[in-house]
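Asks: Pasting a structure below so you can have a look.
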Amino acid sequence: MAERSRRFVSLDKPIDKFIEDQENKNTLSKTRRDVSLLTEFLNSKNESRRIEEIPPKELNEYISEFIVAVRRKDGEDFEPSSLRGLICSFNRHLKACKYPCSVIEDSQFEQARQALEARSKELKKDGKGNKPKAAEAITDEEVNILYNKQLLGISNAEALLNTMWFMNSKHFGLRGCDEHRRMKWGDVQLLTDVNGAEYLEYSERQTKTGTGAEPRNVRAVKPITVSQTVHRTEIQCLFTKFTLTKDLAR
Numbered sequence: 001m002a003e004r005s006r007r008f009v010s011l012d013k014p015i016d017k018f019i020e021d022q023e024n025k026n027t028l029s030k031t032r033r034d035v036s037l038l039t040e041f042l043n044s045k046n047e048s049r050r051i052e053e054i055p056p057k058e059l060n061e062y063i064s065e066f067i068v069a070v071r072r073k074d075g076e077d078f079e080p081s082s083l084r085g086l087i088c089s090f091n092r093h094l095k096a097c098k099y100p101c102s103v104i105e106d107s108q109f110e111q112a113r114q115a116l117e118a119r120s121k122e123l124k125k126d127g128k129g130n131k132p133k134a135a136e137a138i139t140d141e142e143v144n145i146l147y148n149k150q151l152l153g154i155s156n157a158e159a160l161l162n163t164m165w166f167m168n169s170k171h172f173g174l175r176g177c178d179e180h181r182r183m184k185w186g187d188v189q190l191l192t193d194v195n196g197a198e199y200l201e202y203s204e205r206q207t208k209t210g211t212g213a214e215p216r217n218v219r220a221v222k223p224i225t226v227s228q229t230v231h232r233t234e235i236q237c238l239f240t241k242f243t244l245t246k247d248l249a250r
C-alpha cells in the first residue's frame, strides 16, 4: 500500500483545470480578446449566438465579412499578421469548444481564408505588412552608452538588475518577463572546458516556443557564454558572482 501511495499522488484539481493551467497565459488572454471582438461584430449584426453555436456555413460568412470590415480602436487598419492572428484565435477557441470544423484547414471556411488573403494583399498595396515595429539589434556603441550612464553595470542595485536581464536575454535567449521570473537557482552553471576556460551554461525551462508539449523540441546545444564574448563589466557581474558563490559553497 505504501509503494502505491508513492507512485500515484492525489489530484488537487480537476483535469480540465490542470490542462488550462499549462496553457500559455498570454495566448489565452489574446484568444479571449479576439473572440470578444468577433462577438462584438456579431452583436452589431443582431446575432446573439456564441460563435461555437453558429453553423459553419453562417460562421464562414460572418468571419469573411469581419476580416474585411474590422479596424483597430483608433480606426486604423490592422497589419496583415494581426488579421491572421485573429483567425488563429477563432480557431483555437472553436477547437477548445469541440467545434466540428477548422477555420484554418476545412473547406467550410474557404471563403474566410480567401477573404483574409485578399484583405492582406490590399493592405500590402497600402504599405502594410512591412513590420514597422520590428526591433533593431542594439549596437556595441549603444551598449557602451548604457554602461557610461550607469544604466548597466555594477554601480548600483538597479544597474545590476538591468545588466542581469540584458545578459540573460542577449546570451541565453530569454524573452519577456515570465522566462526571467521562472529562472531557478542551478539553471545557470559555471563550467570549465577541456582547455580550462570557464563558461556559463544555461539549462532552459519552459519557453514560449519550447513549452514541453513536444519532447523532441529541445535545443541540440545548450546556450553558453564565455568571457571572451562578454563586456568587461558583464564579466564582473556574471563570472565573479558565480565564482564567489562556488567558493562559498565549498
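In UniProt numbering, the protein residues as written are 1 to 250. Backbone N, C-alpha and C define an ideal beta-carbon position, used for all residues, glycine too. Owing to the predicted nature of the structure, the values given are computational and were not obtained by experimental measurement.
State yes or no: is the C-beta of ASP189 within less than 7 angstroms of the C-beta of GLU198?
Replies: It is worth fixing the name first, because residue 189 is Gln in this sequence and not Asp. Taking 7 angstroms as the Cβ cut-off, GLN189 and GLU198 do not qualify as a contacting pair.
Asks: In terms of DSSP beta bridges, what is LEU190 paired with?
Replies: LEU190 is bridged to LEU200.
Asks: How close, in whole Å, do the beta carbons of VAL35 and PHE90 come, if the pair is a contact with beta carbons under 8 angstroms?
Replies: Going by Cβ atoms, the distance from VAL35 to PHE90 rounds to 7 angstroms, so yes, they are a contact pair.
Asks: Buried or exposed: where does ALA120 fall if 16 or more other Cβ atoms within 10 Å of its Cβ makes it buried?
Replies: It should be noted that the sequence gives Ser, not Ala, for residue 120. That one is buried.
Asks: Between which residues of its own chain and ILE67 is the CB-CB distance below 8 angstroms, once the five residues before and five after are set aside?
Replies: LEU83, LEU86, ILE87, ALA112, ALA115, LEU116 and ARG119.
Asks: Can you tell me the Cα-Cα spacing of PRO56 and GLU47, whole angstroms?
Replies: Using only the alpha carbons, I get a separation of about 14 angstroms.
Asks: Rounded to whole angstroms, what's the CA-CA distance from LYS128 to VAL70? Just pull it up for me.
Replies: Going by the C-alpha atoms only, they are around 15 angstroms apart.
Asks: Do ALA137 and GLN150 count as a contact pair if the criterion is CB distance below 7 angstroms?
Replies: No; because the gap between Cβ atoms is not below 7 angstroms, this pair is not in contact.
Asks: What's the call for GLU53, buried or exposed, on a 16-neighbour Cβ count within 10 Å?
Replies: Answer is exposed; the Cβ neighbour count stays below 16.
Asks: Going by DSSP in three states, ASP34 sits in which element: helix, strand or coil?
Replies: ASP34: helix per DSSP, three-state reduction.
Asks: Checking 7 angstroms against the spacing of the C-beta atoms, do THR31 and ARG72 come in under that value?
Replies: No, the pair does not count as a contact, with Cβ atoms beyond the cut-off.
Asks: Please classify GLU141 as buried or exposed, where buried requires at least 16 neighbouring CB atoms within 10 angstroms.
Replies: By the 10 Å Cβ count, GLU141 comes out exposed.
Asks: Distance check for ALA96 and SER102, CA to CA, integer angstroms please.
Replies: Spanning the two alpha carbons is a distance of roughly 11 angstroms.
Asks: Report the rounded CA-to-CA distance for LYS25 versus GLY153, giving the unit in angstroms.
Replies: Those two C-alpha atoms are separated by around 33 angstroms.
Asks: How big is the Cα-Cα spacing for PHE18 and VAL143?
Replies: Their Cα atoms are separated by approximately 43 angstroms.
Asks: Let me check understanding here. Comparing Cα to Cα, which of ASP74, PHE78 and LEU38 lies closest to LEU59?
Replies: Of the candidates ASP74, PHE78 and LEU38, the one whose C-alpha sits nearest the C-alpha of LEU59 is LEU38.
Asks: If I measure Cβ to Cβ from ILE63 and keep anything under 6 angstroms in the same chain, skipping five residues before and after, which residues do I get?
Replies: ALA112, listed in sequence order.
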